[in-house]
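Numbering (the working numbering), first residue to last: 15 to 135.
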């Protein structure tokens, strides 16, 4: 399918400021990784630390927080990782699924899911 990029907007803690980022879509990554300096500049404060295991290498710890994000016209609060200077910046599966988005392999873009899976009554 190749590499797919999409624009995501990260909002400040008060929702008054935002920053647009062009990130690689990585459905193999659980969370969305944004430059830590960008998150800090928007006043987003870490709420904890998460340990991650890169494909090749030892576990790494990174600050995390919940932040208001927008992608493909969908907006919601999702977990973000404060990426370090050498980390990849990606849109992860939690953001994609939480905002009701999917990858369109034909157009190599992301789109809104027509129906979201749910447990039927």
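Glycine is no exception: its CB is placed at the ideal position from the N, C-alpha and C atoms.
Item	Value
What distance in whole Å lies between the Cβ atoms of residue 107 and residue 41, which are believed to be in contact at a cut-off of 8 Å?	5 Å
Which residue comes first and which comes last in the alpha helix (DSSP H) that contains residue 50?	50 to 55
Check whether the region 27 to 34 touches the region 44 to 60, counting contact only when three or more Cβ pairs, one atom from each stretch, lie closer than 8 Å.	yes
Any beta carbon from chain D within less than 7 Å of residue 108's own beta carbon?	This model lacks chain D altogether; it includes just one protein chain.
In angstroms, rounded to a whole number, what distance separates the CA positions of residue 70 and residue 127?	32 Å
Straight-line CA distance for residue 84 to residue 72?	32 Å
Tell me which residue opens and which closes the beta strand (DSSP E) that residue 114 is part of.	No beta strand (DSSP E) holds residue 114; DSSP gives it neither H nor E.
Just to confirm, are residue 63 and residue 75 a CB contact at a threshold of 7 Å?	yes
Where does residue 20 fall in DSSP's three states?	strand
Please check the pair residue 92 and residue 109, which I expect to be a contact at CB under 8 Å, by giving their CB distance rounded to whole angstroms.	5 Å
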